[in-house]
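For the sequence shown, the residue numbers in the numbering used here are 2 to 368.
Don't be surprised by glycine CBs; every beta carbon is placed ideally from N, CA and C.
Here the structure is a predicted model, which is why all the values come from computation and not from measurement.
Accompanying notes for the structure given below.
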Amino acid sequence: MEKIILSFCLIFMAATINPQIENNQLDSLLNSIYKQDEPGLAIGVVYNGEVVFKKGYGISNLDSKAPITASTNFNICSMTKQFTAYGILELASQSKLSLDDPIKKYLIDFNPNVGSSVTVRHLLTHCSGVVDHYNYVDKKLFKEFWDQDVLNAVKTVDSFYFPVGTRYRYSNTAYCLLSLIIEKVSGYSFPEFVKESIFKPLKMDLSDVIKPNFNISERAFGYESNDGIFKIADANESLFFSTMGDGGIYTSIDDYLKWILAIQKGEVLKSELIKQAQSPQFSIDTSRNISYGYGWFIAGSGNDQVVYHTGSNGGFRTIVFIKPSSNYSVVLFSNRTGIDLEDLILKINKIYKVDDKCYVKLDSLIS
């Protein structure tokens, strides 16, 4: 019966969407928001396993005036977490670790009280209670701050924000620790692991993870907007820009859509791992029916369910929205502040006639 209902929904959506009409409306909307001579946005829309729209707006670099295209590489910020989580699930599927292992098994220098209480699963779902590294760093001592520095900052702290596993608190620290666990278990550096396990199989050939002496072609630079005046807010302006597991991936719309298509089609990637990652694992707010999976937020249930994540780092803002029952996904990468991408994604969904009534804005859940 559920298959019949799902098929009917897909047929109905196909009957009501005319991609050319919707694409023209979308293009008009984005041209009204983003100016050609300012930092802007790249977008991709996928429906029923096909890329129906992809385009860039504005410029990637105020100095070179290079236009943003679908091949422009952006720092995708916290959208990196979906890749980190998939890496952990991949290692678990190979029996190289268990999600219920205490983190002290891999991070042996961790405070025994904390390291023996917190599991890999707790880190994945933001319910570990592990303290944020930001509060334990003397910024004067660092030019760049890497994942190992995150561990060094918190490993001796003998306290939690709350009893382990009892509450949700968004944690970049947790995903930096997960990247170190991946390194310990796999024997690869985190950038090497992501490249070999995810990027290469998907042919995401131009994607990369930030690392010392990092250089990536066709990259956008991030900018902060203040009353129409843009100031660079990129890697050299932020000490914490160089952490990897929580937000270190650079990719383009062209490459990222390969990840989305693999998710939609159940190809290349292990579909059972994607299903785990995009299923509710820890409830955030029962009244609004929003949970965290592994690297993804999930709101609603059944055919109304939506899966999504945002990202914010320096002048970069990103968001991905997926409506699984409609085989619909949209992703936005921006290299400027000052425009709410969550509001924009809802306008785009309206253009494509996608029901997103279960969507819960994340601004209050990731601070």
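From the options, residue whose alpha carbon lies closest to that of residue i
i: CYS177; options: SER198, VAL151, VAL158, GLU193; result: VAL151
i: VAL165; options: ILE275, PHE283, GLU91; result: PHE283
i: ILE230; options: SER160, ILE182, GLY316; result: GLY316
i: ILE323; options: GLY130, LEU262, GLY59; result: LEU262
i: LYS259; options: LYS204, ASN136, ASN173; result: LYS204
i: ASN114; options: LYS105, PHE298, ARG122; result: LYS105
i: GLU39; options: ASN336, ASN290, SER79; result: ASN336
i: VAL269; options: SER288, PHE334, VAL210, ILE199; result: ILE199
i: GLY59; options: LEU31, GLY267, SER79; result: LEU31
Close Cβ partners of residue i (< 7 Å) along its chain, the five nearest in sequence each way excluded
i: ALA93; result: SER99, LEU100
i: LYS232; result: TYR224, GLU225
Min CB distance residue i to chain C below 7 Å
i: LEU124; result: You won't find chain C in this structure, because it holds only one protein chain.
Spatial distance of residue i from residue j (CA atoms)
i: LYS196; j: ILE367; result: 27 Å
i: ASP28; j: LYS212; result: 35 Å
i: SER208; j: ASP102; result: 31 Å
i: GLN149; j: GLU23; result: 46 Å
i: LEU63; j: VAL355; result: 35 Å
i: LEU11; j: GLN21; result: Low confidence applies to LEU11: its pLDDT is 45, below 50, so where it sits in the model is not reliable enough to give any reading.
i: ILE352; j: ASP344; result: 13 Å
i: ASN227; j: ASP341; result: 14 Å
i: THR338; j: ARG318; result: 7 Å
i: SER160; j: GLN26; result: 52 Å
i: ILE183; j: VAL138; result: 24 Å
i: LYS36; j: ILE69; result: 11 Å
i: LYS56; j: ASN49; result: 19 Å
i: ARG289; j: PRO281; result: 13 Å
Contacts around residue i, its chain only, beta-carbon distance under 6 Å, and the 5 residues preceding and following it disregarded
i: VAL46; result: VAL53, PHE54, VAL331
i: SER187; result: PHE194
i: THR311; result: ILE320, LEU363
i: VAL308; result: GLN279, TRP297, ILE299, ILE323
i: ILE291; result: ILE285, ALA300, VAL361
i: ILE275; result: ILE264
Contact check, residue i vs residue j, beta carbons under 7 Å
i: LYS82; j: GLY296; result: yes
i: GLY179; j: ILE77; result: According to the sequence displayed, residue 179 carries Leu and not Gly. Not in contact: LEU179 and ILE77 (Cβ atoms no closer than 7 Å).
i: THR85; j: GLY248; result: no
i: SER72; j: PHE146; result: no
i: ALA175; j: LEU124; result: yes
Worksheet entry | Sufficient close CB pairs (3 or more, under 8 Å) joining the segment 167 to 186 to the segment 218 to 228 | No contact exists between the segment 167 to 186 and the segment 218 to 228.
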